[in-house]
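A.B. asks: Residue numbers (our numbering), protein chains in the order written: chain R, 23 to 243; chain F, 795 to 1307. Sharing a structure below in structure tokens format, with a few things to ask.
Printed below as a string of structure tokens:
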């Protein structure tokens, strides 16, 4: 069948759109640009995540059934590596007090750590996270909150991209689909923690892995 | 003894030279300078304005040489034998119900500045002499105020409402006035020639020299300034250094003693009445916008920025409800200040309708401006520090200052005291402890016991421990605990302790994250 000139121009425009829009990914070509990532510190987890580590400018949702099964220890290598950069790490509405001597032993830079405890967490936590993500001066923004609407999560995702920051949202309950770039469900297990990747931008299948989190003898700082 | 030739320049060789100030080009025209020195001997005590301080014997202490010594004692305390320089222990032994205040140098400085501001009504040149004195140059103001007595009366009246112990002296040089005021010889000496006899009786300690030098002077038999003047100038310079002679010459007026005048910091205050009494946020915001525009114009003119703002909401009646806005870094950006005001206003409950809005700016400092490029939006060109301060200001305005803090670890064995809040940004030393949980509970949570073992949603298996922590017996908060690491249900790793002062009580203190 012959194609008219009008059809051709619209095809060309469609091509341009598909090529240039960064959120459209064409499956048969594979990932053309590797997203920038930060290493997790655990090689088995690095192998599972697209790009080989935590995404740089994105929002990450962590679903943790109970606090204290190892979610912070999973992030410790990231926290200590960020200590060298001049940007800040923010802890917004943490469930307990982040304990300074333990963080210091693990190598976290306390001079670049900020803790924010809002009095009305439901409304103020997302606001604080958005402001912190888009300011550009924070490398990592961690927030503990529940029941955020999809719209709010999308706003946080966009703010993270604008401000070149990694945002981590900790939930207790698992919801339906969400606009975050990476969704991880953590399960407790005997020697460490089991990481299940529910959704990863640029990745294919859901995968699970066990990460051992033994108490290593940390060097005293 | 040969009469000494006093020369204006203190040099090692004796030369007959005229002082610089006698040069015809620098002759002062107009009235001679006259310096009034005001010494406040009890200032360290007077900054604490409490009823206790007046009714009971009170002292102010400071750590000197590793011991707590009395800096100032009130008259009641002095009657019981407490003296300046005494050790605190001795004073407590002499006087039972002593009220003790630690010295607050900042409050003293603020108080001196306040007095200096008030004294500025009488003369343009006020000099702060910390820690406890003020100098005023009143030569030019005598004519206006009709003589020294009348000026002194008015000054004394306007300085303060609280009863204040003052000592004063008036001479033609600042140093001489200070010395006379400090040694409690209230004199008015108008002619420069009469200074020498007046100052002669003062002890050498008034010069506030180094202790070693003072000892040498004492050992040489020099007790008063007159003894010093009797010695040959060359000898003094050789044995005790040229500074001593220079100080004496300055006190006698033979050398110039220029002083820096105190300039009161800029302040801004404005008020605007709303078109009608209202609780509408929009109206208040409009008024705030106009007031901030005035403030920014003022700041631009003076090339300054503000760090502390106060907004006052005045309802009908005289009471004004003040909202404080503290900034991390000085700013004169009207839009940003308006945004911070809005965030702050959201937190406030407006009970009465607002009639007028006040704006006061307290801390105005010279602006430290960076370079920016010409053709970009403001957000992109802001350096990272400024963006960080902007974020901090926004968070603090909306949530309150106590809600935003950084962390600091302390060298302490008691776990709940091994950390504290800190101001964001200050570099601090770190003290790490191995085997500590990443999360700490604000208060240890008591655990129920089942069959003698602690349980938290199920019996807990103790995995590691015990770690005995026993500390703090000296401060009244004595801690004797055995800490264990336990595995709970659902894989949580918990940090518990057994309180040994109350055996059988188990608490949960932390969670390993």
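Virtual Cβ for every residue (Gly too), placed ideally from N, Cα, C.
1) Hey, how far is the Cα of residue 1097(F) from the Cα of residue 1160(F)?
2) Would residue 975(F) pass as a contact of residue 963(F) if the rule is Cβ separation under 7 angstroms?
3) With 16 as the cutoff for other CB atoms within 10 Å, does residue 949(F) come out buried or exposed?
4) Under DSSP, the alpha helix (DSSP H) around residue 905(F) begins and ends at which residues?
5) Answer with buried or exposed for residue 1304(F), where buried requires no fewer than 16 other C-beta atoms within 10 angstroms of its C-beta.
6) Report the rounded CA-to-CA distance for residue 1119(F) versus residue 102(R), giving the unit in angstroms.
7) Using a Cβ cut-off of 9 angstroms, pull out every chain F residue sitting near residue 231(R), in sequence order please.
8) Using a Cβ cut-off of 8 angstroms, which residues of the stretch 130–158 of chain R contact any Cβ in chain C, in chain order?
9) What whole-angstrom Cβ distance do residue 966(F) and residue 827(F) have, given they're in contact under 8 angstroms?
10) Between the stretch 67–81 of chain R and the stretch 165–183 of chain R, do three or more beta carbon pairs fall short of 8 angstroms?
11) Thinking C-alpha only, which one of 939(F), 1254(F) and 908(F) is nearest residue 924(F)?
12) Kindly provide the ranges of any alpha helix (DSSP H) runs that are 4 or more residues long and lie completely inside the stretch 998–1069 of chain F, ordered along the chain.
13) Where residue 218(R) and residue 32(R) are concerned, what is the direct C-alpha to C-alpha distance, given to the nearest angstrom?
14) Classify residue 1267(F): buried if its beta carbon has 16 or more other beta carbons within 10 angstroms, exposed otherwise.
15) In or out: residue 69(R) buried (at least 16 other Cβ within 10 Å) or exposed?
16) Report buried or exposed for residue 233(R), applying the criterion of at least 16 other Cβ atoms within 10 angstroms of its Cβ.
17) I'd like to know whether the C-beta atoms of residue 104(R) and residue 161(R) end up nearer to each other than 7 angstroms.
18) With 7 angstroms as the threshold, decide whether the Cβ of residue 124(R) is near any Cβ in chain F.
19) Report yes or no: do the stretch 114–123 of chain R and the stretch 157–171 of chain R share at least 3 C-beta pairs separated by less than 8 angstroms?
20) Which chain R residues are close to residue 1197(F), counting only those with a beta carbon under 8 angstroms from its beta carbon?
21) Would residue 894(F) be called buried (16 or more neighbouring beta carbons within 10 Å of its own) or exposed?
22) What is the DSSP secondary structure of residue 836(F), counted as helix, strand or coil?
23) Is residue 118(R) close to chain F? Criterion is C-beta to C-beta, closer than 7 angstroms.
24) What does residue 91(R) reach in chain F if we use C-beta pairs closer than 7 angstroms?
25) Please specify which runs of the alpha helix (DSSP H), each continuous and at least 4 residues long, are wholly inside the stretch 170–204 of chain R, giving them in chain order.
26) Can you tell me whether residue 1135(F) is helix, strand or coil according to DSSP?
27) Can you look up residue 26(R) in the DSSP assignment and give me helix, strand or coil?
28) Closer than 8 angstroms by C-beta to residue 1134(F): which residues in its own chain qualify, once you throw out the five before and the five after it? Chain order, please.
29) If the cut is a Cβ gap below 7 angstroms, which residues of chain R does residue 1268(F) touch?
30) Going by CA-CA distance only, name the one from 1261(F), 1140(F), 1091(F) and 1126(F) that's closest to residue 1076(F).
C.D. replies: Result, derived from the coordinates:
1) Translated into positions along the second chain, residue 1097(F) becomes position 303. Translated into positions along the second chain, residue 1160(F) becomes position 366. Rounded to whole angstroms, residue 1097(F) to residue 1160(F) spans 6 angstroms at the Cα level.
2) Here residue 975(F) refers to the residue found at position 181 of the second chain. Here residue 963(F) refers to the residue found at position 169 of the second chain. Going by C-beta atoms, residue 975(F) is nearer than 7 angstroms to residue 963(F).
3) Taking the first residue of the second chain as 1, we reach residue 949(F) at position 155. Residue 949(F) should be labelled buried.
4) Against the second chain, residue 905(F) aligns to sequence position 111. Here the alpha helix (DSSP H) through residue 905(F) covers 899–913.
5) Reading the second chain from its first residue, position 510 is the one you call residue 1304(F). Its Cβ being crowded by 16 or more others within 10 Å, residue 1304(F) is buried.
6) As a first step, residue 1119(F) must be located in the second chain, where it is residue number 325. As a first step, residue 102(R) must be located in the first chain, where it is residue number 80. Rounded to the nearest angstrom, the two C-alpha atoms are 34 angstroms apart.
7) The residue given as residue 231(R) occupies position 209 in the first chain. Near residue 231(R) there are no residues of chain F at all, since even the closest Cβ is about 16 angstroms away, more than 9 angstroms.
8) Going by chain labels, chain C is absent from the structure shown, which instead holds the protein chains R and F.
9) Taking the second chain and counting its residues from 1, one reaches residue 966(F) at position 172. Taking the second chain and counting its residues from 1, one reaches residue 827(F) at position 33. Yes, they are in contact, since the Cβ atoms of residue 966(F) and residue 827(F) sit about 6 angstroms apart, within 8 angstroms.
10) A contact exists between the stretch 67–81 of chain R and the stretch 165–183 of chain R.
11) Position 130 of the second chain, counting from 1, holds the residue named residue 924(F). Of the candidates 939(F), 1254(F) and 908(F), the one whose C-alpha sits nearest the C-alpha of residue 924(F) is 908(F).
12) 1005–1013, 1019–1024, 1027–1034 and 1036–1046
13) Position 196 of the first chain holds residue 218(R). Position 10 of the first chain holds residue 32(R). Straight-line Cα distance between these residues: approximately 42 angstroms.
14) As a working note, residue 1267(F) is residue 473 in the second chain. It counts as exposed.
15) As a working mapping, residue 69(R) is identified with position 47 in the first chain. Exposed.
16) Here the question's residue 233(R) lines up with position 211 in the first chain. Residue 233(R) comes out buried.
17) Sequence index remark: in the first chain, residue 104(R) carries index 82 (1-based). Sequence index remark: in the first chain, residue 161(R) carries index 139 (1-based). Yes. Within cutoff.
18) The sequence position of residue 124(R) within the first chain is 102, counting from 1. Cβ-Cβ to chain F under 7 angstroms: yes for residue 124(R).
19) yes
20) Reading the second chain from its first residue, position 403 is the one you call residue 1197(F). Chain R residues near residue 1197(F): 138, 139, 140 and 141.
21) Within the second chain, residue 894(F) is the residue found at index 100, counting from 1. Result: exposed.
22) One-based indexing of the second chain puts residue 836(F) at position 42. Coil.
23) Working through the first chain from its first residue, we reach residue 118(R) at position 96. Interface residue, yes.
24) Here residue 91(R) refers to the residue found at position 69 of the first chain. The answer, in chain order, is 1284, 1285 and 1286.
25) 172–185
26) For this step, residue 1135(F) is matched to residue 341 along the second chain. Residue 1135(F): helix per DSSP, three-state reduction.
27) Residue 26(R) sits at position 4 when you count from the first residue of the first chain. Looking at residue 26(R) - three-state DSSP - the assignment turns out to be coil, as it is neither helix nor strand.
28) On the second chain, residue 1134(F) is found 340 positions in, with the first residue counted as 1. Only 1119, 1121, 1187, 1188 and 1191 meet the Cβ criterion.
29) Locating residue 1268(F) in the second chain gives position 474, where the first residue counts as 1. The premise fails here: residue 1268(F) is roughly 21 angstroms from chain R at the closest Cβ pair, so nothing lies under 7 angstroms.
30) As a first step, residue 1076(F) is located in the second chain; it is residue number 282 there, counting from the start. Among 1261(F), 1140(F), 1091(F) and 1126(F), the Cα nearest to that of residue 1076(F) is on 1140(F).
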